[in-house]
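Q: Numbering (our numbering), first residue to last: 225 to 531.
First, the structure itself, so that you have it in front of you.
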Amino acid sequence: MSACVTEISDQVGGGHHSGTQAMVSAAQKISELTGFENYGVPFCLTSEVEALGASVNIGDNFIEPRVTRYNDDPLETIMENYSQADVTSGRMGVILEAIRQLRNDKVPVIGNVSGHISTASSVIDPLEMFKMLRRDPERAAHFLTFINDYLVKYALEMVKAGADVISISDPTATGEILGPRNFQKFAVPYYHKIINALHTEGIPVILHICGNATNLIGSLNEVNANAVSFDSIVNMKNAREGLKTGLMGNVSTQLLHTGERAKIVSITRNALQSEVDIVAPACGLSMATSISNLKAMTDYVKEGSYN
């Protein structure tokens, strides 16, 4: 759920996905210029999969990092080769150092982690991953356990480095893709494990689910997240009625990219009237989103004129 739009990355000069100082500078500028009240790193969901053998194009000031080649080794080989994967080296190490440098007593530092479903379906071909959920669920569960344990280690290293909050984004774990039954089986227990590990360290956790998650709200009450973030398709009044946790979102990212200020303010007002606890973009922002549009949202919340 990156907020490092082109207007920000241009000021940093690039390198914000792979260099510590550029990453730190970008996180600080996002907070300073857009009004978001945190320092969040990294700005993509690819560092975890790169360290497990997937190839990644690091992107630039206009395009986010993306997977260009999956790890096509057999699952058992991947799990054997990366059973002792070092979550403190490579780009993951850069991110941990950025967190150490961002740590402070005033602005919360958020460590952004990819969820296990999205990570697994970026390490290997997602079509193969989802076929496996149906045809060989035990093998799929074994691989997802391996991925989730790896993410737990990484998230705990973020905490050691100074993260105040961990945000888990799992855009592939949608109601449309998994469905309620598979979400309950292949998502809930894994979220529960990583969230409990972080709660043991006293760290609050945000969980973001993309797509229409309306039919997943009952299951999401079981994962013990401090807040759940939803995409713009979810009716937040209904979510508020069903969800027992904090509620985050869900200002349309398309609107933030192309909309007029008055419309952005209107949708922000709707979120607040739906009793959202944390107003935020509904998902990752387009790199072309303007700072002024983001400030239309954050300024309205900070003005408090909605009371």
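Just so it is clear, CB atoms sit at the ideal spot from N, CA and C, and this is done for glycine as well.
#1: Leaving out five residues before and five after E499 in sequence, what residues of the same chain have Cβ atoms less than 6 Å from its Cβ?
#2: For the segment 470–495, list the beta strand (DSSP E) runs that are entirely contained and at least 3 residues long, ordered along the chain.
#3: Residues in its own chain within less than 8 Å of A344 by CB, not counting five upstream and five downstream?
#4: Which first and last residues belong to the beta strand (DSSP E) in which L431 is found?
#5: By how many angstroms is the C-alpha of A365 removed from the C-alpha of T398?
#6: Counting pairs of beta carbons, one from the segment 255–266 and one from the segment 305–313, are three or more of them closer than 8 Å?
#7: Leaving out five residues before and five after A227 in sequence, what residues of the same chain have Cβ atoms less than 8 Å from its Cβ?
#8: Out of curiosity, what's the CA-to-CA distance linking A246 and S279?
#9: Would you list the one or two residues that DSSP bridges to G335?
#10: Residue ranges of each alpha helix (DSSP H) run of no fewer than 4 residues wholly in the segment 281–360, ordered along the chain?
#11: Mind the definition here: the segment 283–294 touches the segment 323–340 only if three or more C-beta pairs lie below 8 Å; say whether that holds.
#12: DSSP has S279 in a bridge; who is on the other side?
#13: Can you tell me which of the three DSSP states I502 falls into?
#14: Take every Cβ of the segment 382–398, pair it with every Cβ of the segment 423–434, and state whether three or more of those distances are shorter than 8 Å.
#15: Going by beta-carbon coordinates alone, are T469 and A449 separated by less than 8 Å?
#16: Near N436, what residues of its chain come up, given a Cβ to Cβ distance below 8 Å and the 5 sequence neighbours on each side ignored?
#17: According to the neighbour-count rule (16 or more other Cβ atoms, all chains shown, within 10 Å of its Cβ), is T301 buried or exposed?
#18: V376 to A451, Cα distance in whole Å?
#19: Measuring only the C-alpha atoms, how far is E446 from E381?
A: By the coordinates alone:
#1: Counted from its first residue, the sequence shown places residue 499 at position 275. So the qualifying residues of the chain are R464.
#2: The qualifying runs are 470–475.
#3: Walking along the sequence shown from the start, residue 344 turns up at place 120. Excluding sequence positions up to five before and after A344, its CB lies within less than 8 Å of the CB of M353, F367, L368 and I371, all in the same chain and listed in chain order.
#4: Reading the sequence shown from its first residue, position 207 is the one you call residue 431. Taken as a continuous stretch (DSSP letters only), the beta strand (DSSP E) holding L431 covers V429 to I433.
#5: Counting from 1 along the sequence shown, the entry for residue 398 is found at position 174. Counting from 1 along the sequence shown, the entry for residue 365 is found at position 141. Going by the C-alpha atoms only, they are around 17 Å apart.
#6: No contact exists between the segment 255–266 and the segment 305–313.
#7: Position 3 of the sequence shown, counted from the start, is the residue given in the question as residue 227. Only I254, T258, F260, G264, F267, P505, L509 and L518 meet the Cβ criterion.
#8: As a first step, residue 246 is located in the sequence shown; it is residue number 22 there, counting from the start. As a first step, residue 279 is located in the sequence shown; it is residue number 55 there, counting from the start. Rounded to whole angstroms, A246 and S279 show a C-alpha spacing of 22 Å.
#9: In the sequence shown, residue 335 corresponds to position 111, counting from 1. Beta-bridge partners assigned by DSSP to G335: V265 and I390.
#10: Within the segment 281–360, the complete alpha helix (DSSP H) runs of at least 4 residues are 299–305, 314–326, 340–347 and 350–359.
#11: Inter-segment contact for the segment 283–294 and the segment 323–340 is absent: fewer than three beta-carbon pairs are separated by less than 8 Å.
#12: Stepping through the sequence shown from its first residue, residue 279 is reached at position 55. R293, per the DSSP bridge assignment.
#13: Walking along the sequence shown from the start, residue 502 turns up at place 278. Three-state DSSP puts I502 in a strand.
#14: These segments touch.
#15: Position 245 of the sequence shown holds residue 469. Position 225 of the sequence shown holds residue 449. Annotated as proximal: T469 and A449, with beta-carbon spacing under 8 Å.
#16: The count along the sequence shown starts at 1 and reaches residue 436 at position 212. The answer, listed in chain order, is T398, G399, E400, D455, I457 and V458.
#17: As a position in the sequence shown, residue 301 is number 77, starting the count at 1. Per the 10 Å Cβ criterion, exposed.
#18: Counting from one through the sequence shown, the residue named residue 376 turns up at place 152. Counting from one through the sequence shown, the residue named residue 451 turns up at place 227. Distance between the alpha carbons of V376 and A451: 18 Å.
#19: The residue you call residue 446 lines up with position 222 of the sequence shown. The residue you call residue 381 lines up with position 157 of the sequence shown. Cα-Cα distance, rounded: 25 Å.
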